[in-house]
Each structure stands twice: as C-alpha cells, then as structure tokens.
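Going by our numbering, the sequence shown opens with residue 6, and the numbers climb by one from there.
Beta carbons: idealized from backbone N, C-alpha and C, even for Gly.
For clarity, every value in this text was computed on a predicted model and none was experimentally measured.
Below is one structure, written out as structure tokens; comments come after it.
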Amino acid sequence: MPAINPARLKIRCTEIGEYFSDPQQFVAKLHDLLNFYADRIRRPGEAGAPPPLLPAYHVPAPVLRHLEREITPRAAQYPQAALSLVDALWDEKWLEPRLLAAAILGNIPPALPDPILERVQTWGVGCKEALLQKELFTRGVSQIREHHQEEFLRVIGDLMANSKKDAQRGGLYALIPLLEDENFQNLPVVYHMLSTMLKREETGLQSEIVAIVSALAKRSEQETVFFLQETLLTAADPRITRVVRRSLSFFSEENQKRLREKLRKKRL
C-alpha cells in the first residue's frame with residue numbers, strides 16, 4: 006500500500022468524478038483507485054472488528070473520505086445520474102463501492118423519496134454485512150429522515166414489525182440518528198415501536214436494542230425508566246431482562262434501584 010499523497014489523491018478523485026454520468030467508466034476508474042491503495046497484508050479481524058463478508062480492498066479511511074467529498078455533492082446536481090451510478094456501484098458486490106453507493110444515496114435530493122427508500126429497503130433488508138447495512142439505514146436515508154419524517158417513521162415501523170431479523174436490525178439502526186436529533190420530538194412513537202418488538206417471543210438484537218435505550222435515556226431518562234418498568238411486566242423473557250440489565254448504567258442510582266426491584270419481582 007503506497008503512502009497517501011493528498012494532492013495526488015485529490016486529483017485522482019476529481020478525475021473519477023468526471024465520469025459521474027458514465028457508471029461503467031466510473032466503476033472501472035474507482036476499482037483502479039481502490040486497487041492502487043489496497044492494503045494487501047491486512048489480516049482479517051486484526052483491527053478489532055470482524056472481517057467483512059464482502060470482498061474488500063481495505064483502503065485507508067482518507068481515501069474513502071476524499072472520494073465522498075468529491076463525488077457526493079454531484080448527487081444534488083444530477084439526481085437521476087446519481088441513481089444510475091448507485092445501482093452500478095451496488096452491483097459490484099465489493100464493500101467499498103457499496104459504501105460509496107450508500108453515501109451517494111444520502112445526498113440525492115428528497116423531492117421524490119420513493120426511489121431512495123425502495124433501494125435502501127431492498128438492499129438493506131437482505132444485507133448480511135453489518136457495517137454496510139448500518140450505512141444504508143443511517144447515511145443512505147439522511148435526506149429522507151430530514152425532509153420526509155412521517156414517511157420515514159412508517160418505513161421504520163414496517164421494518165421493526167418484519168419477521169426477519171435483518172429487517173428489524175435495519176429499523177433499529179435507522180432510529181439512532183433520529184433520536185440524536187434534538188428537533189425530533191415524537192418519542193412516543195419510538196417507545197411504541199420498541200414495545201411491540203420486545204413483546205414478541207424472540208431473541209437476539211440485544212446490542213441494537215440497548216443502543217436505542219441509551220439514546221432514549223439521553224433524551225428523557227424518566228420517561229425511559231417508566232417505559233422499561235412497564236415493558237418488564239408485559240414483554241417476553243429472556244430478552245427484556247437482559248436488555249434492562251445491560252441498560253442500567255444509563256440511569257441515575259435511584260432509577261437503577263427502581264429497575265433492579267422490577268427485575269427482582271419479575272424473577273419471583
């Protein structure tokens with residue numbers, strides 16, 4: 006892997022951007038760039054994260070950042086060309102081109118949200134690559150989340166009600182940026198979605214659910230404690246008890262005592 010020369014990298018990314026409306030040439034040039042900066046001695050999992058399921062070039066983060074800075078603004082100017090390019094990038098079945106596809110999707114103007122949502126749902130629900138799925142349901146829908154919130158919440162609700170774990174995970178991923186936005190005030194709908202999910206006799210997704218509880222606690226600790234107390238009475242074991250135990254540190258000592266008491270009574 007050669008050392009990164011920022012000026013040279015910027016020139017190459019600009020050259021690739023010139024093919025924005027020519028997906029075939031764009032993809033070919035992109036692979037040339039990724040191949041040039043590929044880390045060929047990196048061993049799977051050595052960075053602490055599980056190895057990707059898709060083939061990957063493992064290029065340094067600055068390479069992808071430069072690419073995104075050069076490419077994604079063009080999506081606002083040429084939305085139809087952006088959709089064609091996104092489709093071509095996704096067809097490549099390589100991690101980095103698909104990550105770039107998600108980033109471009111998130112910059113397409115939301116005047117017509119359906120083409121964006123259709124792609125995110127179709128690709129995201131069946132996606133086994135956790136990092137890529139998270140990018141699709143967070144960055145890939147950033148314009149939809151900001152400008153079509155009601156439609157976005159409907160999609161999240163459908164995902165979380167889906168019987169497939171991959172769909173449910175996508176819905177949970179999509180909620181995090183929404184909860185981090187202080188302008189979003191419709192917390193009751195999130196509590197309702199989460200309650201419906203926790204009442205089902207299912208396991209798994211504990212880490213993703215705990216992340217939602219953490220985000221909710223930051224927004225409204227007392228309301229979240231009340232929600233967990235009520236949910237402990239009705240939700241299916243063992244997932245709810247494990248979620249509450251893993252969430253205790255998000256709350257004050259007094260609220261931790263309340264939750265522990267509810268956990269003790271649930272065991273009786």
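Nearest neighbour of residue i, chosen from the options [CA to CA]
i, options, result
"Ala-108", "Leu-90, Leu-117, Ala-116 and Lys-98", "Leu-90"
"Leu-58", "Glu-206, Glu-101, Phe-256 and Arg-265", "Glu-101"
"Gln-261", "Lys-270, Val-249 and Lys-271", "Val-249"
"Lys-139", "Ser-168, Lys-204, Gly-175 and Arg-124", "Gly-175"
"Ala-8", "Ser-26, Ala-220, Pro-67 and Leu-180", "Pro-67"
"Ser-219", "Glu-123, Leu-177 and Val-194", "Leu-177"
"Lys-270", "Arg-251, Gln-234, Glu-258 and Arg-244", "Gln-234"
"Ala-33", "Arg-224, Trp-99 and Phe-142", "Trp-99"
"Gln-190", "Ala-166, Ser-225 and Gly-162", "Ser-225"
"Leu-110", "Phe-142, Asp-96, Glu-97 and Glu-134", "Phe-142"
"Phe-232", "His-197, Gly-162 and Glu-134", "His-197"
"Ser-147", "Tyr-83, Thr-77 and Pro-60", "Thr-77"
"Pro-65", "Tyr-83, Pro-84, Pro-56 and Phe-41", "Phe-41"
"Glu-228", "Asp-96, Tyr-83 and Pro-193", "Pro-193"
Distance CB(residue i)-CB(residue j) smaller than 9 angstroms
i, j, result
"Gln-154", "Leu-164", "no"
"Val-230", "Arg-272", "no"
"Leu-88", "Leu-35", "no"
"Ala-81", "Pro-114", "yes"
"Ala-241", "Leu-199", "no"
"Asp-92", "Val-130", "no"
"Leu-180", "Val-160", "no"
"Asp-44", "Tyr-24", "no"
"Arg-244", "Thr-201", "no"
"Leu-94", "Ala-86", "no"
"Leu-38", "Cys-18", "yes"
"Arg-1", "Gly-22", "Here the chain comprises residues numbered 6 to 273, so residue 1 is not present and cannot be evaluated."
"Tyr-83", "Ser-26", "yes"
Same chain, Cβ closer than 7 angstroms to residue i, five either side skipped, listed in chain order
i, result
"Phe-255", "Val-218, Ser-219 and Ala-222"
"Arg-150", "Phe-157, Pro-182 and Leu-183"
"Lys-267", "Gln-234 and Leu-237"
"Leu-122", "Ile-149 and Val-160"
"Pro-28", "Ser-89, Leu-90 and Ala-93"
"Thr-239", "Lys-204"
Residue i CB to nearest heavy atom of the ligand FMN below 8 angstroms
i, result
"Glu-73", "Among the components modelled here there is no ligand, and therefore nothing to report on the ligand FMN."
Residues of its chain near residue i, where Cβ-Cβ distance is below 8 angstroms and the 5 sequence neighbours each way are ignored
i, result
"Leu-104", "Leu-69, Leu-136, Leu-137 and Glu-140"
"Glu-185", "Ala-220"
"Arg-247", "Gln-211"
"Gln-30", "Tyr-24"
"Lys-133", "Leu-58 and Asp-171"
"Thr-216", "In the sequence on display, residue 216 carries Ala and not Thr. Closer than 8 angstroms at Cβ, skipping near neighbours: Leu-177 and Ile-181."
"Glu-20", "Lys-34"
Assigned exposure category for residue i - 16 Cβ within 10 Å defines buried
i, result
"Arg-74", "exposed"
"His-152", "exposed"
"Asn-112", "buried"
"Glu-213", "buried"
"Gln-126", "buried"
"Ile-16", "exposed"
"Ser-252", "buried"
"Ile-46", "exposed"
"Leu-117", "exposed"
"Arg-13", "exposed"
"Arg-144", "buried"
"Arg-3", "Residue 3 lies beyond the range of the chain shown here (6 to 273); nothing can be said about it."
"Arg-205", "exposed"
6 angstroms Cβ shell around residue i - same chain, five flanking residues per side excluded
i, result
"Pro-60", "Trp-99"
Every unbroken alpha helix (DSSP H) inside the stretch 180-247 [4 residues or more]
192-203, 211-224 and 226-239
Quick check for students: name the residue ranges of the alpha helix (DSSP H) that lie wholly in the stretch 118-153, counting only runs of 4 or more.
118-130, 135-143 and 147-152
Minimum length 4: unbroken alpha helix (DSSP H) runs contained in the stretch 65-104
66-76, 78-82 and 84-95
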